[in-house]
Each structure stands twice: as C-alpha cells, then as structure tokens.
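All the letters of the sequence shown, read from the start, carry residue numbers 8 to 371 under my numbering. Okay, so here's the structure we're looking at.
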Amino acid sequence: MKKIEQLREQTVELTARLNRCLQYYSDEMHPKEKEIAHLRADITKRVYPIYCEKKLLNKGEKKIIKEFFKNQFTSITPFMELDEVLNEVFEEAHGATFDQVRQDEFEEMRVEMKEMFESMGVDVNLDNLTSEMGEEEIARKMHEVMNDIKNKAEENEAQESLKIKTKKQLAKEEQEEQKEELRNTSIGKIYRSLAKAFHPDLERDIKKIAEKEELMKRLTVAYESNDLHTLLSLELEWIKNEEGDIKQLSNEKLRLYNQILKEQAQEIEDDMLMMTGHPRYHPLKSFFPEYISPFDWHEFTLRQISIEMKLTIKSIKNSLKALERNPLKEVRNIIEAYLDLNNQQPNDEDLNELLDMIIKFKGR
8 MKKIEQLREQ TVELTARLNR CLQYYSDEMH PKEKEIAHLR ADITKRVYPI
58 YCEKKLLNKG EKKIIKEFFK NQFTSITPFM ELDEVLNEVF EEAHGATFDQ
108 VRQDEFEEMR VEMKEMFESM GVDVNLDNLT SEMGEEEIAR KMHEVMNDIK
158 NKAEENEAQE SLKIKTKKQL AKEEQEEQKE ELRNTSIGKI YRSLAKAFHP
208 DLERDIKKIA EKEELMKRLT VAYESNDLHT LLSLELEWIK NEEGDIKQLS
258 NEKLRLYNQI LKEQAQEIED DMLMMTGHPR YHPLKSFFPE YISPFDWHEF
308 TLRQISIEMK LTIKSIKNSL KALERNPLKE VRNIIEAYLD LNNQQPNDED
358 LNELLDMIIK FKGR
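Right, dumping it as structure tokens:
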C-alpha cells in the first residue's frame, strides 16, 4: 500500500509538471513560434525575387536557395496559411503544390500507421483521418482509435472465455472470479464494518469522538470513490490501533488483497507512462525525444528552447534588414555562409539543419 501511495504522489507531481510545461508553452513559446513563422515567410518573399532572376545566381546557388525555401516552410506551414506568393515559392521548391505535398505526406503516414496496426494483428479503419486535420486533431482521433482497440480486445477476450477451456484456464478464471468478487464485495463489507467501529455516537471520550469523526469523513470519501486502497489502509490502521492482529484477516483474503493492490500499482505506473501520449500534451511532444520518460519532461528544457527562439527571431530580423540594404549581397552571404559551414557541395541529409544554422549565424 505504501507503493500505491508513492505512485499516487508521483502521479500528482507528474501531472502538475506537465501542466506547468503546457502553460509555459502557451504563454511563452507558442507566440514565438507564430512570430518566427511570419518572419520566415517575410524572408522567403524577399529572397524569392533574387532566386527568380536568371543571371543573378548560377545553378548551384539556386539549388542551395531552393533548399533554403524548403527549410523555411517547415516552420511556416504549421502556424499560418500560405498566400499566393508563398504558394508559388512552395511549388517551385518542392515541385508540387502545398496541397499535393500535404496529401502525399498524409497518405504515406496513413499507410505506415495501417501497417503498424496490421503487424499487431489489428484491423483498424483510418478513413476518418483526412489531410485537412491538424496534428492535434489527428492525435485526438488516434487516441479514440486506441481506446476502440482496447475495448474490442476486451470484447474478444470475453468471447474467448465462452469457448472450451483447459483445466489450467478454468483454474485461472476461477481465481480471477474470486478476485473480482472480492473487489466488488470488499468495499461494501469493509465500509459497513468500519462505519460501525468509527461511529462517533458510540464514544463518550471527547478526544476519541473527534478522532472518529475524522475517520468517518475519510471512510465516506473512500467509499464514495470506490477507493479500495484507502479502505484497506483504514481497516489495517483500525486493527493496529485497537491492538488487534493482522491475522484477523484470512491468509486467502490477504493474498488476494495483495494481488489486487499490485495490479492497481501497475495500472497507475502504466497510466503515468502513457500520460504524455494524451492529446492535451501533443504541442509539447516535438520538444522532447520520444524515448525519454515522462519524468524527464522539464520546464527547464522549454526555457532553454525559448532562449534559442529569441535568438532565431533576432537573427531573422537582422537578415531582413540586410536584405533591405542590399538583397543580392545578403543572398550571396547566405550561400557563402552555407559553404563555409559545410565545407563541401550541398548534400541532402544535413542541408536543412545547416541552413537553419546559417540564419542564426548571420544574425549574431
């Protein structure tokens, strides 16, 4: 029972931490994301006329600038609609319209998800997912799909239970039925026995009356919440205070209690591990690696990223000022900075990352 108490405290702590992270993102980071998107849209529009001039840039330079455009759109499209000019630049950079690229990427994602579920032996219908949905809406839909899969699995398990079973299966089911019966009946039984023991009207001692009134409050809350863990805690506390013996509880009852509590502890642990997968926290997922524990999601990490966002905003503004003074010179500076950082001809694997570094480099 101590483990469950610790896990509950950890759940409260984790929920509070994730909510603080979400609040910080909403207050400090999301506005910066939108500002960066508009600044990148502005710089894209400023660079595009230079790119379009036939004699100003050679083929190699245009290739770099085309990748530069692609890099900008990764930060633009999630936060703003593309106007006519941006749609034109997007099509030039990608060789297809924004709607075409979005649809292709979405279909690829849906196929991958379908294959993933099939590998798990699950047939799921994803036709209600469309490319017009935002990331958060898709996350909510997938959350619903996972719940449906869980419910169907439980239904299948119930149907399987109707089939002819081995002695081992029957013994296991009998044990499960005993646990379920104990779970369903223990709450009422414990409540009635403890309510009788805790009732303050049976006491004459003023101090004990106050103690029992408090115990009755705790007992009532636990009963109304179907909280077996707290009821068991109160029962054991009462036995101890009355100088009773835990052996008053049968060995079988104690064994089943322990098993139920272990299962409850495992459920709490699983819920905590799955907490960051809830659609509520979807905006935070891009800032933390998928493989880390939810307990490693810290506001400090977001504060560091927010500082980088400020530097990015400053850098893009400086580049925009340079483009106003001498557009061609600034475009060539971007290309030269790329070549200096890469020290070789462009390659597709690290080009996007390096181009983002260029923007920051030029503004410092």
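Where is the CB? At the ideal position from N, CA and C, for every residue including glycine.
- Within the stretch 272-334, the complete alpha helix (DSSP H) segments at least 4 residues long are 306-332, listed from N- to C-terminus.
- Within its own chain, the residues whose Cβ lies closer than 8 angstroms to the Cβ of residue 225, once the five positions on either side in sequence are excluded, are 237, 241, listed in chain order.
- Judged by DSSP in its simplified three-state form, residue 90 adopts coil rather than helix or strand.
- In the DSSP annotation of this structure, the continuous segment of the alpha helix (DSSP H) that includes residue 56 starts and ends at 37-59.
- Contact between the stretch 32-42 and the stretch 60-76 is absent: fewer than 3 CB-CB pairs across the two stretches fall below 8 angstroms.
- Here the alpha carbon of residue 306 sits roughly 46 angstroms from the alpha carbon of residue 65.
- Boundaries of the alpha helix (DSSP H) harbouring residue 23: 9-31, taken from the DSSP string.
- Put simply, the backbone Cα of residue 15 is about 15 angstroms away from that of residue 232.
- In the structure shown, the three-state DSSP call for residue 233 is coil.
- DSSP, read as helix, strand or coil, puts residue 67 in helix.
- Around residue 68, the same chain offers 342 as residues with beta carbons nearer than 7 angstroms, after the five sequence neighbours per side are excluded.
- Within its own chain, the residues whose Cβ lies closer than 6 angstroms to the Cβ of residue 223, once the five positions on either side in sequence are excluded, are 205, listed in chain order.
- Spatial neighbours of residue 79 in its own chain (CB-CB distance under 8 angstroms, excluding positions within 5 residues in sequence) are listed in chain order as 47, 48, 50, 51.
- Cα atoms of residue 338 and residue 345: separation of roughly 11 angstroms, rounded to the nearest angstrom.
- Taking the C-beta atoms as reference points, residue 301 is found no nearer than 8 angstroms to residue 32.
- Here residue 13 is exposed, its C-beta having fewer than 16 other C-beta atoms within 10 Å.
- Residue state for residue 103 is assigned as coil, using DSSP reduced to three classes.
- Non-local beta-carbon contacts of residue 28 in its own chain, meaning distances under 7 angstroms to residues more than five positions away in sequence, involve 291, 304, 306, 309 in chain order.
- Listed in chain order, the non-local C-beta contacts of residue 320 below 8 angstroms within the same chain comprise 39, 42, 43, 46, local neighbours out to five positions each way being set aside.
- Assigned with DSSP and collapsed to three states, residue 84 falls in coil, not helix or strand.
- The C-beta distance from residue 213 to residue 11 rounds to 34 angstroms, too long to meet the 8 angstroms contact threshold.
- In summary, residue 283 is buried, with 16 or more beta-carbon neighbours lying within 10 Å of its beta-carbon over all protein chains present.
- Residue 123 sits exposed, since fewer than 16 C-beta atoms from the chains shown fall within 10 Å of its C-beta.
- The DSSP-derived three-state label of residue 62 is coil.
- Separation of residue 55 and residue 335 (C-alpha to C-alpha, rounded to the nearest whole angstrom) is 11 angstroms.
- Only buried fits residue 96, as 16 or more other CB atoms lie within 10 angstroms of its CB.
- With 16 or more other Cβ atoms inside 10 Å of its own Cβ, residue 36 counts as buried.
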